[in-house]
Amino acid sequence: QHIRREKANSNVCTAQVLLANMAAFYAVYHGPQGLKTIANRIHRLADILCLGTATKGLTAVHANYFDTLTFNVDNKDEIVARALAANVNFRTDVDGQISIALDETTTRAKIAQLFDILLGEGHGLNVNDLDEQIVASGHSSIPASLVRESAILTHPVFNSYHSETEMLRYIKRLENKDLALNHSMISLGSCTMKLNATAQMIPVSWPEFANMHPFAPVDQAQGYKAMIDELAKWLVELTGYDKMSMQPNSGAQGEYAGLIAISKYHESRGDSHRNICLIPASAHGTNPASAMMVDMKIVIVACDKEGNVDMDDLKAKAEELADNLACIMITYPSTHGVYETTIAEICNIIHDNGGQVYLDGANMNAQVGLTSPGFIGADVSHLNLHKTFAIPHGGGGPGMGPIGVKSHLAPFLPDHALINVDE
121 QHIRREKANS NVCTAQVLLA NMAAFYAVYH GPQGLKTIAN RIHRLADILC
171 LGTATKGLTA VHANYFDTLT FNVDNKDEIV ARALAANVNF RTDVDGQISI
221 ALDETTTRAK IAQLFDILLG EGHGLNVNDL DEQIVASGHS SIPASLVRES
271 AILTHPVFNS YHSETEMLRY IKRLENKDLA LNHSMISLGS CTMKLNATAQ
321 MIPVSWPEFA NMHPFAPVDQ AQGYKAMIDE LAKWLVELTG YDKMSMQPNS
371 GAQGEYAGLI AISKYHESRG DSHRNICLIP ASAHGTNPAS AMMVDMKIVI
421 VACDKEGNVD MDDLKAKAEE LADNLACIMI TYPSTHGVYE TTIAEICNII
471 HDNGGQVYLD GANMNAQVGL TSPGFIGADV SHLNLHKTFA IPHGGGGPGM
521 GPIGVKSHLA PFLPDHALIN VDE
């Protein structure tokens, strides 16, 4: 992105890529056969659950499935009550139905427990007996037309490192190729220039943090809610904004969400034609990449030889493009490490010409406690919590890129299709 800028194919950043790396390493470690074994085991448990309930008159609504079964039930409240008493959650958002998803952590003992919950005690089902029946019948709930015949993961990297020691050494060899703080100073990268101590990673391993399902009932996640609400309150105070959205998982997602909020704000005022984003030449490449993703047209503002925004060029372009100006994206201090002494004037120029100010919070750690985006005059910012506030980064989090906004942009913050984000 730093090279291709507005021509980049995406705005995906480190905090997201690290999660992709985790998924890739999972495939490297298990390999094609290991993944098949895991998948077949999960599917076999689903078959056992489906066959057992069917023999007692509770039949799944679908004949074909992989790991998730849905049942029509007359006594839904009774079943859900038994489930909650056993610390088990089902999907229950459809009237008269419950859905059960199995995964790698599901055991045969858990299947037996599910029989007790769904059917009540005294059902007489035995998990091992049901397994033998499935093997003897040769029945498959996956249609032949969906069975893949070609090989998967054929590259040598997926077929070489299947012990803990082999995997350890492979990862170490990759690490040795990286330019990191334990080798030298780092020439570029606001992510890599921040320190995330190992101690800050420890809470991620606590089951109370790690094992909470994203769609767990709100009354089972009151600790998380209190933590998120408190963090949002602190960030509002630190930034001078009026509202925070904790939804974006990275700085790039925060940029995208913030620019969408700006676009929706203009649309609400009948100004949907405002689609020009001014970006200083000193900006990080993610800025133009994000602006392109929300269909904005990018106009570059010149900088002087010391990295400051050229005020004459900014004013001329803002006035020339005033009818269609959507926003400016500016980092404070800039990627060049420059504190723009004219930052408040920059905000005023953009506002006077009908635009909004997106202040990139990647370098927020350089201004916390000294000033704030809201005080400076910005309308929206994202905050890379793994940079400024030293939360676990990427694979330990994931990272967070919450966005703060002034009150006029608050109605256009991200929502969720299934969850009331204000609860």
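Numbering-wise (my numbering), the sequence shown opens with residue 121 and increments by one. For every residue, glycine included, the Cβ atom is placed at its ideal position computed from N, Cα and C.
Less than 8 Å between the C-beta atoms of Ser-501 and Gly-474, yes or no?
Cβ atoms of Ser-501 and Gly-474: not closer than 8 Å.
Near His-528, what residues of its chain come up, given a Cβ to Cβ distance below 6 Å and the 5 sequence neighbours on each side ignored?
Contacts found: none.
Nearest-angstrom Cα distance between Ile-396 and Lys-156?
The straight-line gap from Cα to Cα measures roughly 49 Å.
For Gly-516, which residues from the same chain have a beta carbon less than 6 Å from its beta carbon, with the 5 sequence-adjacent residues on both sides left out?
Note on Gly-516: pLDDT 42, under 50, position unreliable in the model; the coordinate value appears next. Contacts found: Met-321, Val-324.
Using three-state DSSP, classify Arg-211 as helix, strand or coil.
Residue state, collapsed to three classes: strand.
Just grab the DSSP bridge partners of Ala-180 for me.
Answer is Phe-191.
If distances are taken between C-alpha atoms only, which option among Ala-346, Met-484, Asn-407 comes closest to Lys-507?
The option with the nearest alpha carbon to Lys-507 is Met-484.
Tell me the DSSP secondary structure of Ala-341 in three-state form.
Coil.
So for Gly-521, helix, strand or coil by DSSP?
Gly-521 falls in the coil class under three-state DSSP.
Look up Pro-400 in the DSSP assignment and give the residues it is bridged to.
The partner list for Pro-400 (beta bridge, DSSP) reads Val-421.
I'd like to check one pair, Tyr-385 with Gln-476: are the Cβ atoms closer than 8 Å?
A contact, by the Cβ cut-off of 8 Å.
What residue does the beta strand (DSSP E) around Ile-218 start on, and which one ends it?
217-221 is the extent of the beta strand (DSSP E) around Ile-218.
Which residues in the same chain have their Cβ closer than 8 Å to the Cβ of Ile-162, if we skip the five residues on either side of it in sequence?
Hits under 8 Å: Phe-186, Asp-187, Leu-222, Asp-223, Glu-224, Thr-226.
Using 8 Å for Cβ pairs, my map puts Ile-82 next to Ile-218. What's the rounded Cβ distance?
Residue 82 is absent from the model: the chain starts at 121 and stops at 543.
Just verifying my parser: in three-state terms, what is the DSSP assignment at Leu-503?
In the structure shown, Leu-503 sits in a strand (DSSP, three-state: E or B).
Taking C-beta to C-beta, are Leu-178 and Leu-239 nearer than 8 Å?
A contact, by the Cβ cut-off of 8 Å.
Report the residue from Asp-167, Ser-454, Val-148, Val-338 whose alpha carbon sits nearest the alpha carbon of Ser-261.
It is Asp-167.
When you compare only the Cα positions, how much space is there between Gly-154 and Ser-280?
Straight-line Cα distance between these residues: approximately 12 Å.
Got a sec? Which residues, its chain only, sit under 8 Å from Ala-271 by beta carbon, not counting five neighbours each side?
Excluding residues within five positions, the ones whose Cβ falls inside 8 Å are Pro-152.
CA-CA distance, Glu-460 and Gly-360?
When rounded, the distance between both Cα atoms is 19 Å.
Using 8 Å as the threshold, is the stretch 487-506 in touch with the stretch 414-421, meaning 3 or more CB pairs across them?
Touching, no.
Relative to the C-alpha of Pro-400, which candidate in Ser-388, Ser-392, Gly-390, Ala-411 has its C-alpha closest?
It is Ala-411.
Can you name the start and end residues of the alpha helix (DSSP H) that Val-255 belongs to?
Unbroken alpha helix (DSSP H) run through Val-255: 247-257.
Looking only at its own chain, which residues have a Cβ that is under 6 Å from the Cβ of Lys-581, when we skip the five neighbours before and after it?
No answer is possible for residue 581: it lies beyond the span of the chain, which begins at 121 and ends at 543.
Quick one: what's Gly-242 bridged to in DSSP?
Answer is none; Gly-242 lacks a bridge partner.
Quick check on this structure: which residue in Ile-450, Ile-420, Leu-234, Ala-183 has the alpha carbon closest to the alpha carbon of Asn-207?
Ranking Ile-450, Ile-420, Leu-234, Ala-183 by Cα distance to Asn-207 puts Leu-234 first.
Which first and last residues belong to the beta strand (DSSP E) in which Ala-411 is found?
It is not in any beta strand (DSSP E) - Ala-411 instead sits in the alpha helix (DSSP H) that spans 406-413.
So Gly-172 and Gln-373 are supposed to be a Cβ contact under 8 Å. How far apart are they, rounded?
That belief does not hold up - the Cβ atoms of Gly-172 and Gln-373 are roughly 42 Å apart, past 8 Å.
For Leu-245 and Arg-164, what's the separation of their Cα atoms in angstroms?
Each residue's alpha carbon lies about 16 Å from the other.
Can you tell me whether Pro-368 is buried or exposed, with buried defined as 16 or more other CB within 10 angstroms of its CB?
Answer is buried; the Cβ neighbour count reaches 16.
What does a CB cutoff of less than 8 Å around Glu-439 pick up in its chain, not counting 5 residues either side in sequence?
Only Asn-473 meet the Cβ criterion.
Name the residue from Asn-296, Arg-202, Leu-273, Ile-220 whose alpha carbon lies nearest to the alpha carbon of Asn-192.
Cα-wise, what sits closest to Asn-192 is Ile-220.
DSSP three-state label for Gly-151, please.
Three-state result, Gly-151: helix.
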